[in-house]
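J.:
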Amino acid sequence: MRSKTFPAFGLTVSLMLLVEMQGYGQALSKKAGALCSNMTMLDSKPFSALPVNVRTEIRKTLTPDILAFAKATDISMEEGFNLQKVSLDAIEVPMTIKTSKLYVVHWGDALFGVNGAIWIVEVNSHGARNLIAPDEGTNRGRSFGGWGMQTLSNASGPYPELMFASKGYHARGGAEAEAECVRKIGAFYNSVACPVDCFDNLNKR
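The following block contains the structure:
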């Protein structure tokens, strides 16, 4: 279930960024379980575990999108709201290329309920880039939504296909888990059809 838009630096810094991006322990395991059943909780890896330079680039890139989401959900109206102190989580997703790192960045808050905002960010020596397409160019804020994720495959190339799990409701009104599968198509990640057994596996956990 997609949550729509509630929304050069110098050579020395570039080299520092690439060096600091190596060897940090918040990466997902490459071992895959049954499709859509082996969830990683999006709040399980604190943003603070990332290298300082990586955190700085990610936060700078996502600032317009975080602010748009905050305004759309009215959390920006809460007393004490500070854009630069928004508490994020970040999970590194293994890639088959060494020149970039891929992160799923999550913002959860009690005011959002179970489903938090999700961004997919690529970081390399040039900086960071949000890989979720703008909402038809009308707003810089854009995100997926949910509470958990799983890497499905690398069949589409160096950028793996991902599944995000969120809380939803079935036709009779009871709660159920919903799955949104996303694949990098062109410059951005877009929603695609999930594997046939994805929904059943997710709800049998």
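So for the sequence shown, our numbering puts the first residue at 181; every next one is plus one. No residue lacks a Cβ here, since even glycine has one placed at the ideal position from N, Cα and C.
1) By DSSP's criteria, residue 327 is part of a beta bridge. Which residues make up the other side?
2) Quick check on residue 275: does DSSP put it in helix, strand or coil?
3) Name the residue from 237, 352, 344 whose alpha carbon lies nearest to the alpha carbon of residue 358.
4) Under the three-state reduction of DSSP, which class applies to residue 210: helix, strand or coil?
5) Using 8 Å as the threshold, is the region 324-332 in touch with the region 348-355, meaning 3 or more CB pairs across them?
6) Less than 8 Å between C-beta atoms, sequence neighbours within five positions excluded: which residues of the same chain meet that for residue 385?
7) Nearest to residue 349 by alpha carbon, out of 301, 383, 265?
8) Under a Cβ-count criterion, where at least 16 other Cβ atoms within 10 Å of its own Cβ denotes burial, should residue 233 be classed as buried or exposed?
9) Roughly how many whole angstroms lie between the Cα atoms of residue 261 and residue 285?
10) Using three-state DSSP, classify residue 377 as helix, strand or coil.
11) Assuming residue 310 and residue 346 make a contact with CB atoms under 8 Å, what is their CB distance in whole Å?
12) Taking all protein chains shown into account, do 16 or more other C-beta atoms lie within 10 angstroms of the C-beta of residue 367, making it buried, or fewer, making it exposed?
13) For residue 302, which of 364, 225, 375 has the nearest alpha-carbon?
14) Note down the Cα distance separating residue 242 from residue 250, rounded to an integer number of angstroms.
15) Under the rule that 16 or more other beta-carbon atoms within 10 Å means buried, what is residue 331, buried or exposed?
16) Give me the Cα-Cα distance between residue 252 and residue 360, rounded to the nearest whole angstrom.
17) Assign residue 254 to one of three DSSP states: helix, strand, or coil.
18) Start and end of the beta strand (DSSP E) containing residue 283?
19) Between 375, 372, 267, which lies nearest to residue 297 when the distance is taken from Cα to Cα?
20) Rounded to a whole number of angstroms, what is the C-alpha to C-alpha distance between residue 342 and residue 223?
21) Along the beta strand (DSSP E) that carries residue 266, what are the first and last residues, could you check?
T.: Taking the coordinates as given:
1) Counted from its first residue, the sequence shown places residue 327 at position 147. Looking at the DSSP assignment, residue 327 forms no beta bridge with any residue, so it has no partner.
2) By one-based count along the sequence shown, residue 275 stands at place 95. Coil at residue 275, not helix or strand.
3) Translated into positions along the sequence shown, residue 358 becomes position 178. Considering only alpha carbons, the answer is 344.
4) Position 30 of the sequence shown holds residue 210. With a pLDDT of 46 at residue 210, under the threshold of 50, the modelled position of this residue cannot be trusted; read the value that follows with caution. Reduced to three states, the DSSP call for residue 210 is coil.
5) no
6) One-based indexing of the sequence shown puts residue 385 at position 205. Result list for residue 385: 217, 219, 357, in chain order.
7) Here residue 349 refers to the residue found at position 169 when the sequence shown is read from its first residue. Ranking the options by Cα distance to residue 349, first place goes to 383.
8) Translated into the one-based positions of the sequence shown, residue 233 becomes position 53. By the neighbour-count rule (16 or more Cβ atoms within 10 Å), residue 233 is buried.
9) Here residue 261 refers to the residue found at position 81 of the sequence shown. Here residue 285 refers to the residue found at position 105 of the sequence shown. Using only the alpha carbons, I get a separation of about 19 Å.
10) As a first step, residue 377 is located in the sequence shown; it is residue number 197 there, counting from the start. Three-state result, residue 377: coil.
11) Against the sequence shown, residue 310 aligns to sequence position 130. Against the sequence shown, residue 346 aligns to sequence position 166. About 19 Å separates the two Cβ atoms, so there is no contact after all.
12) Counted from its first residue, the sequence shown places residue 367 at position 187. Its Cβ having fewer than 16 others within 10 Å, residue 367 is exposed.
13) For this step, residue 302 is matched to residue 122 along the sequence shown. Measuring from the Cα of residue 302, the nearest candidate turns out to be 364.
14) Along the sequence shown, one-based indexing puts residue 242 at 62. Along the sequence shown, one-based indexing puts residue 250 at 70. Their backbone Cα atoms lie some 12 Å apart in a straight line.
15) Here residue 331 refers to the residue found at position 151 when the sequence shown is read from its first residue. By the 10 Å Cβ count, residue 331 comes out buried.
16) Translated into the one-based positions of the sequence shown, residue 252 becomes position 72. Translated into the one-based positions of the sequence shown, residue 360 becomes position 180. Cα to Cα, residue 252 sits roughly 21 Å from residue 360.
17) Within the sequence shown, the letter at position 74 stands for residue 254. Coil at residue 254, not helix or strand.
18) Stepping through the sequence shown from its first residue, residue 283 is reached at position 103. Where residue 283 is concerned, the enclosing beta strand (DSSP E) stretches over 280-287.
19) Here residue 297 corresponds to residue number 117 of the sequence shown, with the count starting at 1. Nearest option by C-alpha distance: 267.
20) Against the sequence shown, residue 342 aligns to sequence position 162. Against the sequence shown, residue 223 aligns to sequence position 43. Rounded to whole angstroms, residue 342 to residue 223 spans 16 Å at the Cα level.
21) The count along the sequence shown starts at 1 and reaches residue 266 at position 86. From DSSP, residue 266 is part of no beta strand (DSSP E); its letter is neither H nor E.
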